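Asker: Sequential numbering from 125 applies to the sequence shown in the working numbering.
Note that beta-carbon positions come from the ideal geometry of N, C-alpha and C, so glycine has one too.
Values in this document were obtained by computation on a predicted structure and should not be read as measured data.
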Amino acid sequence: MLKKRLFAILIAIPILLGFTGCSGGGVNGEGTSSTPAPDINSVIRGNEYLETGWDYINKGLYDSAVTQFNKVLENSPTMQEKADANNGIGWAKSFGGKLKDGIKWFILAKELNDDAKVGLASAYMQQASKTDMEEIIELLLNDLGKGKPNFEYKASRPVGVTNAEVHAMLAYAYAATDKDDDAYVQLEFAKTLDPNYEQTTVGQIIKVIEFLLN
125 MLKKRLFAIL IAIPILLGFT GCSGGGVNGE GTSSTPAPDI NSVIRGNEYL ETGWDYINKG
185 LYDSAVTQFN KVLENSPTMQ EKADANNGIG WAKSFGGKLK DGIKWFILAK ELNDDAKVGL
245 ASAYMQQASK TDMEEIIELL LNDLGKGKPN FEYKASRPVG VTNAEVHAML AYAYAATDKD
305 DDAYVQLEFA KTLDPNYEQT TVGQIIKVIE FLLN
């Protein structure tokens, strides 16, 4: 089984290197009421910097995006804005290099930002150790899905990862850690989420999973 798992990882690497891409759009959340109300001007500036940062990401200007997100962090951000800015930096670093380049910022953002959880899981999937696979299960099933196998992920920003791809990632992590029954559940659910999966990244991941399970 170990040799099969290692071979499956080698098959999966080219898929995972091109796992993310920019598409779609979204909105960011606001802070909590457990802290004093922030200065309204700093909130407006923070939102503007976030939007500009994601606009730069969409244009492929990743260093410029990082500059904008850092401006959020420098202007008395709320806890939510801080998480959103770190998430933005994480994705800018990932799109501009490799997913693992965003790990530091995804970790800082993941408590308050679901896109950061997915970014971190994607980075761990590229690294592909058993510990990484276990981290993916924790991130996606428990942190993102709140323990519900059929959870729904909706990206709040154009991070290029779909709900079906998230469940395919979770299936892969289960299969790579010999949790075959759980892998089958996620595998079949991912298929229902993407009827055209055979022509997508989901289909490529599924082929690797089926290799592991057979």
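Might you give, ordered along the chain, the residues of its own chain that have their beta carbon closer than 7 Å to the beta carbon of Gly269, omitting 5 neighbours on each side?
Answerer: Your numbering for residue 269 matches position 145 in the sequence shown. Phe275.
Asker: Near Phe230, what residues of its chain come up, given a Cβ to Cβ distance below 6 Å and the 5 sequence neighbours on each side ignored?
Answerer: The residue you call residue 230 lines up with position 106 of the sequence shown. If we look at Phe230 and ignore the five residues flanking it on each side, its Cβ neighbours are Gly214, Ala240, Gly243 and Leu244.
Asker: Between Leu337 and Lys228, what straight-line distance do the alpha-carbon atoms span, to the nearest angstrom?
Answerer: Along the sequence shown, one-based indexing puts residue 337 at 213. Along the sequence shown, one-based indexing puts residue 228 at 104. Going by the C-alpha atoms only, they are around 32 Å apart.
Asker: Measure the C-alpha to C-alpha separation of Met293 and Val196 and round it to an integer number of angstroms.
Answerer: In the sequence shown, the residue the question calls residue 293 occupies position 169. In the sequence shown, the residue the question calls residue 196 occupies position 72. Computed Cα separation, rounded: 31 Å.
Asker: Can you tell me which of Gly220, Glu172 and Glu312 puts its alpha carbon nearest to the alpha carbon of Asp187?
Answerer: As a position in the sequence shown, residue 187 is number 63, starting the count at 1. For the residues Gly220, Glu172 and Glu312, the minimum Cα distance to Asp187 belongs to Gly220.
Asker: How far does the alpha helix (DSSP H) with Tyr321 in it extend, from its first residue to its last?
Answerer: Taking the first residue of the sequence shown as position 1, residue 321 is located at position 197. First-last for Tyr321: undefined, no H or E at that position.
Asker: Fully enclosed by the stretch 244-268, which beta strand (DSSP E) runs are 3 residues long or longer?
Answerer: none
Asker: In whole angstroms, give me the CA-to-CA distance for Glu334 and Gly271.
Answerer: Taking the sequence shown and counting its residues from 1, one reaches residue 334 at position 210. Taking the sequence shown and counting its residues from 1, one reaches residue 271 at position 147. If you draw a straight line from the Cα of Glu334 to the Cα of Gly271, it is about 24 Å long.
Asker: From this set, Gly327, Leu174, Lys217 and Val332, which residue's C-alpha is nearest Lys206's C-alpha?
Answerer: Numbered from 1 along the sequence shown, position 82 holds the residue referred to as residue 206. Ranking Gly327, Leu174, Lys217 and Val332 by Cα distance to Lys206 puts Leu174 first.
Asker: In this structure, how does DSSP classify Glu175 when only helix, strand and coil are distinguished?
Answerer: As a first step, residue 175 is located in the sequence shown; it is residue number 51 there, counting from the start. Here Glu175 sits in helix by DSSP.
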